[in-house]
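Number of protein chains: 2
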Amino acid sequence: MNKIRVAIFDDNALLRDSISLLIGDTDNLELVGSFPNCKQLKDNITDSNPHVVVMDIDMPGINGIEGVVLIRKFFPDIHILMQTVFDDDDRIFAALKAGASGYILKNAGSAKLLDAIVEVHNGGAPMSPSVAKKVLNQFQSGKPDSEEDFNLSAREREVLGLLVKGKSYKMIADELCISYDTVRAHMKKIYEKLHVSSMTEAVAKAINKNIFGFF
Amino acid sequence: MNKIRVAIFDDNALLRDSISLLIGDTDNLELVGSFPNCKQLKDNITDSNPHVVVMDIDMPGINGIEGVVLIRKFFPDIHILMQTVFDDDDRIFAALKAGASGYILKNAGSAKLLDAIVEVHNGGAPMSPSVAKKVLNQFQSGKPDSEEDFNLSAREREVLGLLVKGKSYKMIADELCISYDTVRAHMKKIYEKLHVSSMTEAVAKAINKNIFGFF
DNA sequence: CAGGCAATACCCGAAAAGGTGTATATTTTG
DNA sequence: CAAAATATACACCTTTTCGGGTATTGCCTG
Numbered sequence: 029m030n031k032i033r034v035a036i037f038d039d040n041a042l043l044r045d046s047i048s049l050l051i052g053d054t055d056n057l058e059l060v061g062s063f064p065n066c067k068q069l070k071d072n073i074t075d076s077n078p079h080v081v082v083m084d085i086d087m088p089g090i091n092g093i094e095g096v097v098l099i100r101k102f103f104p105d106i107h108i109l110m111q112t113v114f115d116d117d118d119r120i121f122a123a124l125k126a127g128a129s130g131y132i133l134k135n136a137g138s139a140k141l142l143d144a145i146v147e148v149h150n151g152g153a154p155m156s157p158s159v160a161k162k163v164l165n166q167f168q169s170g171k172p173d174s175e176e177d178f179n180l181s182a183r184e185r186e187v188l189g190l191l192v193k194g195k196s197y198k199m200i201a202d203e204l205c206i207s208y209d210t211v212r213a214h215m216k217k218i219y220e221k222l223h224v225s226s227m228t229e230a231v232a233k234a235i236n237k238n239i240f241g242f243f
Numbered sequence: 029m030n031k032i033r034v035a036i037f038d039d040n041a042l043l044r045d046s047i048s049l050l051i052g053d054t055d056n057l058e059l060v061g062s063f064p065n066c067k068q069l070k071d072n073i074t075d076s077n078p079h080v081v082v083m084d085i086d087m088p089g090i091n092g093i094e095g096v097v098l099i100r101k102f103f104p105d106i107h108i109l110m111q112t113v114f115d116d117d118d119r120i121f122a123a124l125k126a127g128a129s130g131y132i133l134k135n136a137g138s139a140k141l142l143d144a145i146v147e148v149h150n151g152g153a154p155m156s157p158s159v160a161k162k163v164l165n166q167f168q169s170g171k172p173d174s175e176e177d178f179n180l181s182a183r184e185r186e187v188l189g190l191l192v193k194g195k196s197y198k199m200i201a202d203e204l205c206i207s208y209d210t211v212r213a214h215m216k217k218i219y220e221k222l223h224v225s226s227m228t229e230a231v232a233k234a235i236n237k238n239i240f241g242f243f
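Chains as they are written, first to last, in the numbering used here: chain A, 29 to 243; chain B, 29 to 243.
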């Protein structure tokens with residue numbers, strides 16, 4: 029029986045090494061390449077000719093999602109398993125949209141990693157329920173994404189919009205010709221409605237729930 | 029000669045009214061509908077049967093960009109002119125990608141608005157040079173967007189990533205198991221490299237220059 | 001091996017943001 | 001019409017962030 033040929037892309041050398049050892053100890057898997065970035069991705073893959081690529085989602089230079097795009101473009105038969113440190117639904121979803129077959133958390137344990145590699149090679153799609161639901165929703169209706177309604181007033185949306193563009197309270201006050209304290213009053217309401225408690229959380233939520241759509 | 033049939037979607041009643049008056053005073057234009065949101069978009073357009081739709085980019089419920097998508101889907105022959113308060117390249121670009129024909133700033137003056145309506149009806153595409161350049165770039169090379177390199181180190185990217193997810197310095201310190209002051213040290217470097225000076229600016233830039241891609 | 005850079009960590013003072021409370025006029029809505 | 005929501009504004013106080021420094025460790029490169 030032929031071994032599953034596996035290649036790894038991850039900027040963390042330690043993690044690459046430990047996966048190497050892990051795969052070396054498993055007799056139905058074979059590590060054919062281990063790379064710290066996607067700069068030579070095309071050559072790397074041509075040379076190592078893997079069945080499965082294990083790809084870190086966060087990498088300097090070309091990131092993992094862009095890596096997925098490239099692999100899909102040049103090697104459409106290769107299955108890609110994403111690895112992430114955090115369970116970041118949106119990024120994982122993006123990776124899947126780009127053509128990854130599944131994903132696994134970096135702290136999931138070695139047995140699970142090996143299982144996931146075998147699973148993607150067999151055409152499976154290891155992923156968490158929350159991501160699976162997103163994928164399902166996308167398939168069911170061509171809609172962009174969950175359109176949660178936060179009941180923001182027009183003014184609140186305006187303030188949030190400026191926030192998302194990186195403005196400070198003071199700048200927002202100037203831009204809207206209202207007092208600093210009024211901006212704060214709006215912010216309080218916005219935080220309440222979005223269930224957050226800081227500018228950055230609000231910005232992150234505004235983007236991920238695409239309150240303004242299309243970033 | 030037939031008048032150009034125009035419909036307006038804007039949540040600002042005052043602005044709707046002033047545009048109504050404006051169009052009423054112009055003899056080659058005819059206002060056939062004026063709506064505060066896109067909830068009944070399909071019926072509204074079927075009933076009013078416009079040649080040109082003037083659409084606010086920011087609206088509660090279904091936003092202007094989603095509105096564009098819907099119009100393109102059901103009424104592919106209608107030309108859409110976007111209206112925005114701010115010259116937000118990214119959103120405008122998104123609207124154009126979604127199928128809008130052009131855009132105009134809300135404070136551009138009535139004469140320009142009328143010109144723009146006529147222009148889109150005649151197949152033109154009124155837009156600012158900076159947006160035009162983006163569109164051109166997109167056409168010239170299938171690349172996602174400007175891929176500026178900010179020379180962030182792996183650690184800095186990691187910190188910025190957590191920032192974008194809405195974390196505070198303290199949370200980042202905990203998550204990365206480093207001291208609060210080290211997070212600050214990284215932040216200083218990040219701000220320097222991105223040429224910004226606040227968390228929200230950094231988040232905004234990280235997203236708009238898609239340092240992490242795919243939001 | 002010397003110099004540069006990344007990562008770590010600490011200090012200080014100033015500025016910004018956040019939490020809570022109060023208040024008033026207007027608009028919307030049941 | 002009365003109640004609720006919105007937009008405006010101020011006060012007081014705490015926490016967080018920002019902009020300067022300074023310093024050590026380790027790694028990579030010329």
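Note that the Cβ used here is the ideal one computed from N, Cα and C, for glycine as well.
Please classify residue i: does DSSP put it in a helix, a strand, or coil?
i	result
B:A35	strand
A:H223	coil
A:F121	helix
A:H214	helix
B:S62	strand
B:K161	Residue confidence for B:K161 is low, a pLDDT of 49 falling below 50, so the modelled location carries little weight and cannot support an answer.
A:T112	strand
A:H149	helix
A:L57	strand
B:D84	strand
A:L180	coil
B:G95	helix
B:I47	helix
A:G189	helix
B:I73	helix
A:I132	strand
B:D173	With a pLDDT of 46 at B:D173, under the threshold of 50, the predicted position of this residue should be treated as unreliable, and no value is reported.
Taking residue i as the query, report the chain A residues whose CB atoms sit under 7 Å from its CB, ordered along the chain.
i	result
B:L191	T228
Taking C-beta pairs closer than 9 Å, name the residues in chain A that residue i reaches, listed in chain order.
i	result
B:V196	The question names Val, yet the displayed sequence has Ser at residue 196 of chain B. Going along chain A in sequence order, the residues near B:S196 (Cβ under 9 Å) are S226, T228 and E229.
Please compile the residues from chain B whose C-beta is within a distance smaller than 9 Å of the C-beta of residue i.
i	result
A:K233	G194
A:A182	D39, N40, D86, M87 and P88
Less than 8 Å between the CB atoms is what I'm expecting for residue i and residue j, so what's the real figure, rounded?
i	j	result
B:A41	B:P64	7 Å
A:T54	A:L142	6 Å
B:K125	B:I132	In fact, because the Cβ distance is near 18 Å, the residues do not count as touching under 8 Å.
Kindly list the residues whose CB is nearer than 6 Å to the CB of residue i, restricted to its own chain and excluding five residues on each side of it in sequence; keep chain order.
i	result
A:R100	G127
A:E58	K31 and R33
B:I93	A122, A123 and A126
B:A153	S129 and G130
B:V113	K134
Ordered along the chain, which non-local residues of its own chain (more than five positions away) have a Cβ less than 8 Å from that of residue i?
i	result
B:E184	H214, K217, I218 and K221
A:S48	I36, L59 and S62
B:V96	M83, I108, M110, A123, A126, G127 and A128
For residue i, collect the residues of the same chain with a Cβ closer than 7 Å to its Cβ; drop the 5 residues on either side in sequence, then sort them by chain order.
i	result
B:T228	none
Quiz item: Which of the residues in the segment 39–56 of chain A, read from start to end, lie with their CB under 7 Å from any CB of chain B?
Solution: D39
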